[in-house]
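Undergrad: UniProt numbering applies: residue 1 is where the sequence shown begins, and numbers increase by one.
Built from N, CA and C at the ideal position, the CB exists for glycine as well.
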Amino acid sequence: MTKQDQQQKPPQDHMSKSRAAAAEDPNKDNDDWKSKPPYRTTEKNEHFDKIWTAHCSCERVKYWLSREKPLASKYCHCRDCQSLHGAPFQWAAVFHKEDLHFEKGAEGLAFYNTADKQTHHKLPCKVSCAYCHTPIMDEGRKMVLMFPGIIKVEDPEHKKYFDPQCHIFYKQRIVDISDGKPKWTGLDEDSDLMEDVEAENIESVVGRDKVDS
Ligand SMILES: [Zn+2]
Ligand SMILES: [Zn+2]
């Protein structure tokens, strides 16, 4: 959980009576989440500012963001991100669930819960395109961490909005990045800060186990 997550007020509750009844029964497997942000589809009179647009590789999944600037942006170097993204680290931009809107709701999306190792929508979970498997986001309980690589941002000034403020789980890193940004051993604001490596001493450690965790 990020600091932003903790600071957020719970989203407004618009549960109908029937949905509230369903929520009271823990054994009832309901699809209530599909009617809430970010999966609910637009109602006729609803206005949603489409500031940014993005789609997966096969273009079956398309979404819009109504917030110009993410609440935060970070690089995550944790082992889960390394394996699930097939990359040395992951780049995520934090938004409210209400800032995000999928063209077809939950249709065409695949979910994966890393704790259970199950492909179901249990938060927090990884969300990807069910067809081409492009990673879309990490969905938390209140926030979403979008993977901005697919967001169409042309203007260099606007690209700066998505520039990460820090590195998290840097202790598990594959590669040193000497960018002067804060580097947390675990979660930001909730772990220790690590020293930046001098530029001339940077090394990539693919194939060797440098991690001392
Ligand atoms: Zn796709
Ligand atoms: Zn991670």
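(1) Return the chain-ordered list of same chain residues with a C-beta closer than 8 Å to the C-beta of Lys-159, the five sequence neighbours on each side being excluded.
(2) As an exercise, report each continuous beta strand (DSSP E) stretch of at least 3 residues that is fully enclosed by the UniProt domain "CENP-V/GFA" (52-163), in chain order.
(3) Mapping the DSSP letters down to three states, classify Lys-171 as helix, strand or coil.
(4) Measuring only the C-alpha atoms, how far is His-101 from Ser-178?
(5) Alpha carbon to alpha carbon, what distance is there between Tyr-39 and Lys-122?
(6) Could you give the DSSP three-state label for Lys-34: helix, strand or coil?
(7) Rounded to whole angstroms, what is the Cα-Cα separation between Trp-52 and Asp-188?
(8) Please identify the residue among Glu-195, Ala-93, Ser-57 and Asp-31 whose C-alpha is closest to the C-alpha of Cys-76.
(9) Should Leu-193 be labelled buried (16 or more other beta-carbon atoms within 10 Å of its own) or exposed?
(10) Among all the DSSP beta bridges, which residues are the ones paired with Lys-183?
(11) Between Lys-36, Asn-201 and Ile-174, which lies nearest to Lys-104 when the distance is taken from Cα to Cα?
(12) Looking only at its own chain, which residues have a Cβ that is under 6 Å from the Cβ of Pro-11, when we skip the five neighbours before and after it?
TA: The relevant details are as follows:
(1) Val-153
(2) 52-55, 62-65, 72-76, 90-96, 100-102, 109-112, 125-129, 135-139 and 143-146
(3) helix
(4) 35 Å
(5) 14 Å
(6) helix
(7) 26 Å
(8) Ala-93
(9) exposed
(10) His-167
(11) Lys-36
(12) At Pro-11 the pLDDT is 47, less than 50, meaning the model places this residue with poor confidence and gives no usable figure here.
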